[in-house]
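All remarks here apply to the structure that follows.
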Amino acid sequence: MHRPGTDPDSMSPEDILCDFCHQPWSDDRPMVEGHRGSCICGNCLTIAWAELVEHRLADQPSPGEACIMCLEEDRPEPHWRSPLDGAKLICKRCVKQAAGALHKDRDIAWSKPGRAIVD
C-alpha cells in the first residue's frame, strides 16, 4: 500500500505502508511485499502468525474476498483479518511464506513467534 498522493517516481520508505496497520516502512518495521504492491509489516505478521499458526484462530473470507498478498479469491483455508482494516485479509499460506522470508533474512531481527532470534 502506498501513502495517498505519493509520487511513484520519487518514493521514500515512509511512502510504503503496511496494508494491515497503515504504518510506514522503517528500519524497525520490516515489510514483506505481495502482489501489486501490497505489504505486511513484521508486527502484523507476528500477530497473524500467532493467531493462525500457533493458536489456530482464523477468519473465513466471505465469497469474493481475496487475500491481499496473493490476490486469490475464495481460498479454502484460514485467513487473518486486520483488526484495524477489516477489508484486509491474508491467507495462512501467505503468512507462512512471508514469515519464512523475514525469518531467513539475516539483516532483519525478526523471527517466527515462539522461536528465539538467532544471530
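Heads up: the sequence shown begins at 42 in our numbering, then just goes up one per residue.
In this text, a Cβ means the ideal position worked out from N, Cα and C, and glycines have one as well.
Cβ-based burial, residue i [other Cβ within 10 Å; buried from 16]
i	result
residue 140	buried
residue 150	exposed
residue 52	exposed
residue 93	buried
residue 130	buried
residue 60	buried
Boundaries of the alpha helix (DSSP H) in which residue i is found, first to last residue
i	result
residue 58	That residue, residue 58, is in no alpha helix (DSSP H); it is neither H nor E in DSSP.
residue 85	83–90
Per-residue DSSP class, three states only, for residue i
i	result
residue 51	coil
residue 160	In this prediction, residue 160 has a pLDDT of 38, which is less than 50 and means its spatial position is unreliable; nothing more can be read from the coordinates.
How about the segment 130–140 and the segment 100–116: do they share at least three Cβ pairs that are nearer than 8 Å?
Counting Cβ pairs under 8 Å, three or more are found: they touch.
In chain order, each beta strand (DSSP E) run of at least 3 residues that lies wholly inside the segment 69–151
Correct list: 72–74, 80–82, 120–122, 130–132.
Tell me whether the segment 71–81 and the segment 97–104 touch, counting them as touching only if at least three CB pairs, one residue from each stretch, are closer than 8 Å.
No contact exists between the segment 71–81 and the segment 97–104.
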